[in-house]
Amino acid sequence: MKKLILLALLITSIYPAFAQRPRVKEGNIETLKGIKKINLKYDYSGMEVGKKAEKEYIAEKKEALNKKESGRGDKWEKDWYSDRNRRFEPRFEEEFNKYCEIKAGNYPTEKYTMTFRTVFTEPGFNIGITRKNAYIDGEVIIVETANPDKIIVKMEISNCPGRTFMGNDYDTGERIQEAYAMAGKGLAKYFSKNVE
């Protein structure tokens, strides 16, 4: 029994390390060698949430929450969108810039622009007695800033898990922001190994 518990702990501790490893689908990441900064953008278009298109997910969740308490669903919808620039994007950048010599941010005059497009979000849940981690799948597209049709490299990054250390992540936004942190960290480590 002890061996099974130890094995389970080992698997869950190494899972995040491999989960968010990016894979190059097109182009050559080594083209970026020598750069110090990269312009960073985000794209949520066409994102799926759970097993639904984002618009459908939002409409259903908003309606269900408003039935429980008037206005609650409206507030949830507002938070769903505002969490992007308030929580997700800052955590992604914080972790990317922490683990990579190349700095990513609002640098529109830099030679290259990197867009992190969220393809899929699993919000997860935490109701105390049971929980499911959040995670995101993303696509990274790097282009020449002056010539956005010229793709330098396209990558995918999958299964970036989101949860807090102590598991007190009852708020959806808190869980998802940690998934963005893992995505930023995983991408930064890949850059550090293959670009710097």
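Take 160 as the starting number for the sequence shown in my numbering and just add one per residue.
Glycine included, each C-beta is placed from N, C-alpha and C at the ideal position.
Fair warning: this is a prediction, and the values are worked out from it, not measured in the lab.
Self-check item: Secondary structure of Gly-297, DSSP reduced to three states
Solution: Assignment of Gly-297 by DSSP, reduced to helix, strand and coil, places it in the strand class.
Quiz item: In the DSSP assignment, what are the bridge partners of Phe-137?
Solution: Lying outside 160 to 355, the shown extent of the chain, residue 137 is not represented and no answer is given.
Quiz item: By how many angstroms is the C-alpha of Gly-193 removed from the C-alpha of Glu-219?
Solution: Spanning the two alpha carbons is a distance of roughly 47 Å.
Self-check item: Residue(s) in a DSSP beta bridge with Gly-332
Solution: Per the DSSP secondary-structure output, Gly-332 pairs with nothing in a beta bridge.
Self-check item: Distance between Asn-244 and Ser-221 (C-alpha atoms, nearest Å)
Solution: Residue identity differs from the one stated: residue 221 is Lys in this sequence, not Ser. So the alpha carbons of these two residues sit roughly 20 Å apart.
Quiz item: For the candidate residues Lys-184, Asn-353 and Ala-338, whose alpha-carbon lies nearest to that of Glu-281?
Solution: Measuring from the Cα of Glu-281, the nearest candidate turns out to be Ala-338.
Quiz item: So what's Ile-316 in DSSP terms, helix, strand or just coil?
Solution: Reduced to three states, the DSSP call for Ile-316 is strand.
Quiz item: Under a three-way DSSP split, which group does Gly-345 fall into?
Solution: Reduced to three states, the DSSP call for Gly-345 is helix.
Quiz item: Is the CB-CB distance between Glu-207 and Phe-251 below 7 Å?
Solution: Going by beta carbons, Glu-207 and Phe-251 fall outside the 7 Å limit.
Quiz item: Contact check, Gly-283 vs Gly-321 under 8 Å by CB: the rounded distance?
Solution: The beta-carbon distance between Gly-283 and Gly-321, rounded to whole angstroms, is 7 Å. This is short enough to meet the 8 Å contact definition.
Exercise. Report the residue from Ser-204, Val-354 and Phe-350 whose alpha carbon sits nearest the alpha carbon of Arg-276.
Key: When each option's Cα is compared against that of Arg-276, the closest is Ser-204.
Quiz item: Distance, Cα to Cα, Gly-264 vs Glu-254?
Solution: Taking the straight line from one Cα to the other gives about 12 Å.
Practice problem: With Leu-224 as the anchor, note down where its alpha helix (DSSP H) starts and where it stops. | Solution: Start and end: 213-227.
Quiz item: When the Cα atoms are used, what is the spatial distance from Ile-217 to Arg-246?
Solution: Going by the C-alpha atoms only, they are around 18 Å apart.
Quiz item: Is Ser-229 near the ligand HEM, in the sense that its beta carbon is under 6 Å from a heavy atom of that ligand?
Solution: In terms of ligand content, the structure shown is empty, and the ligand HEM therefore cannot be addressed.
Exercise. Can you give me the start and stop residues for the alpha helix (DSSP H) that Gly-232 sits inside?
Key: Where Gly-232 is concerned, the enclosing alpha helix (DSSP H) stretches over 231-242.
Quiz item: Hey, does Thr-304 have any beta-carbon neighbour from chain C nearer than 7 Å?
Solution: The displayed structure is made up of one protein chain only, and chain C is not part of it.
Self-check item: The beta strand (DSSP E) enclosing Asn-198, as first and last residue numbers
Solution: Asn-198: member of the beta strand (DSSP E) spanning 196-202, first to last residue.
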